[in-house]
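Here's what the structure looks like:
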């Protein structure tokens, strides 16, 4: 499928990607490198935590969201991520979860300083196999305009 | 150094961690797994991008922030990250950057539903060796109260 430039991004359009299967090994190896606290790397300690079992680091959940964003179809010609707002983790990600991403276009505007690009604001929701939200946020991304437009 | 419970978190207190040295290999291997676009994994393509060279995925920069948060001294008895607001990446992270984290306590309040914990809102800034901000956000974390308090 072709990539969409800024001009082709429609307000209200919804796109999806997934599932992303989260293994226990991936949860532990990510957390060992970036967030090595017992609730993310030690099954025994995690079973006594407030979540009652191993959970993924929030940084890992965010990385999975970025990974799925790259698999959205159709894909935008994204130049850079600009920022994320109201990022929330209402439910933890656990081993063997299957995560799905839903992205909805909320706003688009042309860049004031650079005529070759625009800014799109999207509502982003990552859910598990039980349709529980594990990450929700608003994302602003810089998207290229069609060359020569 | 001992861990600080909710009662011992002071408004306005600043803590630091770092430096975190970012290698080119780490930028590429993280991005290959979670954000495999040319500007993060292909030096030649990255040199032609808007940043003029290889840059870290935003998800990677966020993971480094979480990693440094775990090294703050003194450390809080953190139960979970609740959310992040106004997350911005004003400058890219590049190979061989040395990143430092600064965290300032802005607000604290007791949990309404759970008497054994409280919520702390912190201003979080990650800077490179040139004192340029590469990530800024506000983070809300759940912190345990001293047992038996």
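Chains as they are written, first to last, in the working numbering: chain A, -10 to 138; chain B, -10 to 138.
Note that the Cβ used here is the ideal one computed from N, Cα and C, for glycine as well.
Quantities reported herein were computed from a predicted structural model and do not represent experimental measurements.
Per-residue contacts from residue 70(A) into chain B (C-beta, under 7 Å)
47, 78
Inter-residue CB distance, residue 116(A) and residue 95(A) (contact presumed, cutoff 8 Å)
About 18 Å; that fails the 8 Å criterion.
Can you tell me whether residue 65(B) is buried or exposed? The criterion is at least 16 other CB atoms within 10 Å of its CB, across all chains shown.
buried
Could you round the C-beta distance between residue 91(B) and residue 123(B) to whole angstroms and report it? I think they count as a contact, below 8 Å.
That belief does not hold up - the Cβ atoms of residue 91(B) and residue 123(B) are roughly 12 Å apart, past 8 Å.
Using a cut-off of 9 Å between C-beta atoms, extract the partners of residue 56(B) located in chain A.
22, 23, 24, 25, 48
Pick from 69(B), 49(B), 131(B), 61(B) that is closest to residue 27(A), judged by C-alpha positions:
69(B)
What are the boundary residues of the beta strand (DSSP E) that includes residue 52(A)?
Counting along the chain, residue 52(A) falls outside any beta strand (DSSP E), though it belongs to the alpha helix (DSSP H) covering 47 to 58.
I think residue 141(A) touches residue 11(A), with their Cβ atoms under 8 Å apart; what is that distance to the nearest whole Å?
One cannot answer for residue 141(A) here, as it falls past the ends of chain A, which runs -10 to 138.
By the 10 Å Cβ neighbour count, where 16 or more other Cβ atoms means buried, how is residue 47(B) classified, buried or exposed?
buried
Which whole-angstrom value describes the C-beta separation of residue 81(B) and residue 59(A), a residue pair presumed to lie in contact below a C-beta threshold of 8 Å?
Not a contact, Cβ separation roughly 18 Å.
Verify whether the separation of the beta carbon atoms of residue 56(B) and residue 9(A) is less than 8 Å.
no
In chain B, which residues lie with their C-beta within 8 Å of the C-beta of residue 75(A)?
72, 74
In this structure, how does DSSP classify residue 74(B) when only helix, strand and coil are distinguished?
strand
In whole angstroms, what separates the C-alpha of residue 40(A) from that of residue 7(A)?
25 Å
Which word fits residue 86(A), buried or exposed, when buried means at least 16 other C-beta atoms lie within 10 angstroms of its C-beta?
buried
Residues of chain A with a CB under 8 Å from the CB of residue 59(B): which are they?
24, 25, 26
Mapping DSSP to helix, strand and coil, what is residue 9(A)?
strand
Within the 8 Å Cβ cut-off, does residue 127(B) reach chain A?
no
Looking at chain A, is there any beta carbon in it that lies within less than 8 Å of the beta carbon of residue 52(B)?
yes
Judging by CA-CA distance, which residue of 61(B), 15(B), 19(B), 119(B) is the nearest neighbour of residue 4(B)?
61(B)
Among residues of its own chain, excluding the 5 on either side of residue 84(A), which ones have a beta-carbon nearer than 7 Å to its beta-carbon?
11, 12, 13, 16, 43
Residue range of the alpha helix (DSSP H) that includes residue 36(A)
32 to 36
Does the beta-carbon distance from residue 72(A) to residue 78(B) come in below 8 Å?
yes
First and last residue of the uninterrupted beta strand (DSSP E) at residue 122(B)
122 to 133
Option nearest residue 1(A) by Cα separation, candidates 63(A), 19(A), 112(A), 33(A)
112(A)
Nearest neighbour of residue -8(A), chosen from 63(A), 18(A), 99(A) [CA to CA]:
63(A)
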